[in-house]
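Numbering-wise, the sequence shown is residues -24 to -1, 1 to 256 according to mature numbering (1 follows the signal peptide of the UniProt record, and there is no 0).
This report refers to the structure that appears directly beneath it.
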Amino acid sequence: MRVVCKLLVLAEFLAVSTISLALSSPNDAYPTGCGDEVGACVGSSDDLRPLRREVYEYGQIFDITHQFNPNTPVGDSDEGIGQFLTLLSSMKNGSDYNFSELRLGVHAGTHVDAPGHMFADYYDAGFDVDSLDLRVLNGPALVVDVPRDKNLTADVMQSLHIPKGVKRVLFRTLNTDRRLMFKKAFDTSYVGFMKDGAQWLVDNTDIKLVGIDYLSVAAFDDLLPAHHVFLKSREIILVEGLKLDDIEAGIYTVHLILSSSKEALEIASNKKKCCKGDMF
Ligand SMILES: [Zn+2]
């Protein structure tokens, strides 16, 4: 099976320029989408109904990002991201074009953490997403299943037997089973890295890309310490809020498309046919 993961990530503390909209309301910005019901698009024929796919090429390409909608969870809030798109110019109101404005915290949905997210001196020095290594953001990756009832401690990390040489790992956890990214209220009981698990990863693996399936790679009880361990070297990139529901554990190629104020990037390549350590 050849599998390619496409990943759209939003830039930490930079403006976001790419987004998709899942739900609609009378005040939603264009495009409104048509929902899942056939005929839900008033005034539209079926051939004008957009096809919103997350799996392509019969399971060879997966979009592992979450669509944004007003109920998309965000840290420290029970209310989700709320109304985040506004239609400033509408063709229905006589404009020659539709033009929307996006207002969104950048730590929402599927996103990366930049080093400046957790270190004031890194922030002041400009270590934003444009400082991230594109070679880390694209390439072979492992998707691993984490024991379902545990945070990512040193013991759990050791039990996963991730080979040396592997540079990118997406951790699928109980968060996926609980569908936490589909629940509006931020849930502090999510699974994540404890400080000792993060330290074990830094000390014993070659992993430079850490992905997880909720809004923080760090468990709530070790929120700052685990982040500090990961981000201190500025070599490890954290990807949070992944959609791994239908992704089996195994070897993939991951592609991160960063949307920031300065750049957007997409690189395509195929799954490697074998699993030598130096390929990661
Ligand atoms: Zn984080």
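Ideal Cβ positions, reconstructed from N, Cα and C, are used throughout, including at glycine.
- Inter-residue distance for Ala195 and Met67 is about 46 Å (C-alpha atoms, whole angstroms).
- In this chain, the alpha helix (DSSP H) harbouring Asn180 covers 171 to 180.
- Just measuring C-alpha positions, the residue of Gly168, Leu118, Gln175 sitting nearest Thr229 is Leu118.
- Minimum Cα-Cα distance from Pro49 among the listed residues Val112, Ser71, Phe206, Ala161 corresponds to Ala161.
- No heavy atom of ligand 1 is found nearer than 8 Å to the CB of Glu211.
- Tyr34 has no beta-bridge partner at all, per DSSP.
- For the 9 Å CB-CB criterion, Asp182 and Lys140 form a contact.
- Leu185 has its alpha-carbon roughly 16 Å from the corresponding atom of Thr41.
- Between the alpha carbons of Phe206 and Val215 lies a distance of about 12 Å.
- A buried status is given to Phe60, since no fewer than 16 other beta-carbon atoms sit within 10 Å of its beta-carbon.
- Counting only runs of 3 or more residues that sit fully inside the region 214 to 240, the beta strand (DSSP E) segments are 226 to 235, in chain order.
- At a cut-off of 8 Å, the beta-carbon of Val178 does not count as near ligand 1: no heavy atom of the ligand is closer than that.
- Distances from the CA of His204 to each of Arg154, Ser107, Asp189, Tyr98 were compared; the closest alpha carbon is that of Tyr98.
- Here Tyr190 is buried, its C-beta having at least 16 other C-beta atoms within 10 Å.
- Put simply, of Lys159, Leu156, Val193 the residue whose alpha carbon is nearest the alpha carbon of Ala174 is Val193.
- Here the alpha carbons of Arg148 and Val122 stand approximately 6 Å from one another.
- Asn69 is classed as exposed because its beta carbon has fewer than 16 other beta carbons within 10 Å across all chains shown.
- Considering only Val142, Lys126, Met133, the residue with the shortest C-alpha distance to Pro116 is Val142.
- If you check the CB distance, Leu128 and Gly85 do not come in under 9 Å.
- Taking C-alpha positions only, Asp52 is separated from Gly92 by approximately 20 Å.
- Sequence-distant partners of Glu224 (beyond 5 residues in either direction) whose C-beta falls short of 8 Å from its own C-beta, in its chain, are Val119.
- Contact check for Leu232 against Leu113 passes: the beta carbons are separated by less than 9 Å.
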